[in-house]
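Asks: Take a look at the following structure, please.
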Amino acid sequence: MRLFGSYCLAYLLNDDLLQLQPVVSLQINLSYCPISDVGLLTLARLSCLQNMKLVHLKNVTVNSFASTLLDCESLKKLKLFEGLKFILPRSLIECLEARGCIIRWMDKPFVI
-8 MRLFGSYCLA YLLNDDLLQL QPVVSLQINL SYCPISDVGL LTLARLSCLQ NMKLVHLKNV
52 TVNSFASTLL DCESLKKLKL FEGLKFILPR SLIECLEARG CIIRWMDKPF VI
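Residue numbering for the sequence shown follows our numbering, beginning at -8 and increasing consecutively.
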C-alpha cells in the first residue's frame, strides 16, 4: 500500500488506521493489496481522501466497495477494476460522478 499526503503520515496495520498528523489531502493506492472489508471501510473515515486506486482487491466484497465509495465524500479521482462497472449499482456510480469524482475503469490482468 502506498499513501501520499500533503501534511500527513498514515499507516495501515492489520486493518487499523492510525492517523499521525492532520491531513490536508491524501491519495492512496491499494491495488493488489490483501486489504479486507474492514480495512477498506476504515478508510472511509478519512475525510481528506481525494484519490484512490482500488484495482484487484480480492479480499473485498462488492458491498464493502459500495459502502466505502459512498462514504468517501471528498473523493475526486478513483481507479477501479473494469469488472466492477457491471457489478456496482449504477446509482452509486452516478452519485460519485455527481459529486465531481472522475472514475477511471482499469482493465489490467490480475498479477500475483
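All C-beta atoms, glycine included, are put in the ideal place defined by N, C-alpha and C.
So the candidates are Thr59, Lys67, Val53, Val51; which of them puts its Cα closest to the Cα of Ser16?
Replies: Nearest C-alpha to Ser16: Lys67.
Asks: Output needed for Ala57: all residues of its chain with C-beta closer than 7 Å, excluding positions within five of it in sequence on either side, in chain order.
Replies: Leu79, Pro80, Leu83.
Asks: Please say whether Leu69 and Met43 have beta carbons closer to each other than 8 Å?
Replies: For Met43 and Leu69, yes; Cβs fall inside 8 Å.
Asks: Using only alpha-carbon positions, find the residue among Val51, Arg36, Glu73 that is nearest to Leu21.
Replies: Here the closest residue by C-alpha is Val51.
Asks: Is the beta carbon of Ile19 sitting closer than 8 Å to the one on Leu40?
Replies: Yes.
Asks: Could you give the residue range of the beta strand (DSSP E) that holds Leu31?
Replies: Where Leu31 is concerned, there is no enclosing beta strand (DSSP E), although the alpha helix (DSSP H) it sits in stretches over 28 to 34.
Asks: Helix, strand or coil for Asn42 per DSSP?
Replies: In the structure shown, Asn42 sits in a strand (DSSP, three-state: E or B).
Asks: Tell me whether Lys76 sits in a helix, a strand or coil according to DSSP, three-state version.
Replies: Helix at Lys76.
Asks: Since Thr59 and Leu31 should fall inside the 8 Å C-beta cutoff, what is the C-beta to C-beta distance between them, to a whole number of angstroms?
Replies: That belief holds up - the Cβ atoms of Thr59 and Leu31 are roughly 5 Å apart, short of 8 Å.
Asks: Out of curiosity, what's the CA-to-CA distance linking Cys86 and Cys92?
Replies: Distance between the alpha carbons of Cys86 and Cys92 is about 9 Å.
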